[in-house]
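Asks: When you line the sequence shown up against my numbering, it's residues 2 to 116, in that order.
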Amino acid sequence: QVQLVESGGGLVQAGGSLRLSCAASGRIFNINVMGWYRQAPGKQRELVATLTTSGGSINYSDSVKGRFTISSDNAKNMVYLQMNSLKPEDTAVYYCNVQTWRWYWGQGTQVTVSS
2 QVQLVESGGG LVQAGGSLRL SCAASGRIFN INVMGWYRQA PGKQRELVAT LTTSGGSINY
62 SDSVKGRFTI SSDNAKNMVY LQMNSLKPED TAVYYCNVQT WRWYWGQGTQ VTVSS
């Protein structure tokens, strides 16, 4: 059974920073992509950032470029999201995502940015 556990969410003022972590455990092999998505109330889930485990190709949504940084520790099956200069519009539930031959999702962690 594969489990993704996120941590690091919370409440922060605009301009502040948070760091999200995600640990993948269980029978998970050949991870191709690790990343983060988010879903704000009343909106669809959207990509925040992804990276490929081979080659380290990174993709960011335009809304977070220059403010967020994704990184990973492949040996530990961990993925991180450093979020700086947070804005109220970054408020959402953030989901960890891992892709092998199928997609896996974490349970989500709430990030709330107050103005």
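Backbone N, C-alpha and C define an ideal beta-carbon position, used for all residues, glycine too.
With contact counted as at least three CB pairs below 8 Å, one residue from each stretch, are the region 52–60 and the region 7–16 in contact?
Replies: No, because fewer than three Cβ pairs between the region 52–60 and the region 7–16 fall closer than 8 Å, the two stretches do not touch.
Asks: Between the beta-carbon of residue 25 and the beta-carbon of residue 99, is there less than 8 Å?
Replies: Yes, these two residues count as a Cβ contact at 8 Å.
Asks: What is the C-beta distance between residue 21 and residue 81, in whole angstroms, given that I count them as a contact (C-beta under 8 Å)?
Replies: At roughly 7 Å, the Cβ-Cβ gap stays under 8 Å, so residue 21 and residue 81 are in contact.
Asks: Beta-carbon within less than 6 Å of residue 34's beta-carbon, same chain only, minus the 5 sequence neighbours each way: which residues are those?
Replies: Closer than 6 Å at the Cβ level, and outside the excluded window around residue 34, lie 51, 53, 100.
Asks: Leaving out the 5 sequence neighbours to the left and right, which residues in its chain are closer than 6 Å to residue 83 when beta-carbon positions are compared?
Replies: Closer than 6 Å at the Cβ level, and outside the excluded window around residue 83, lie 20, 70.
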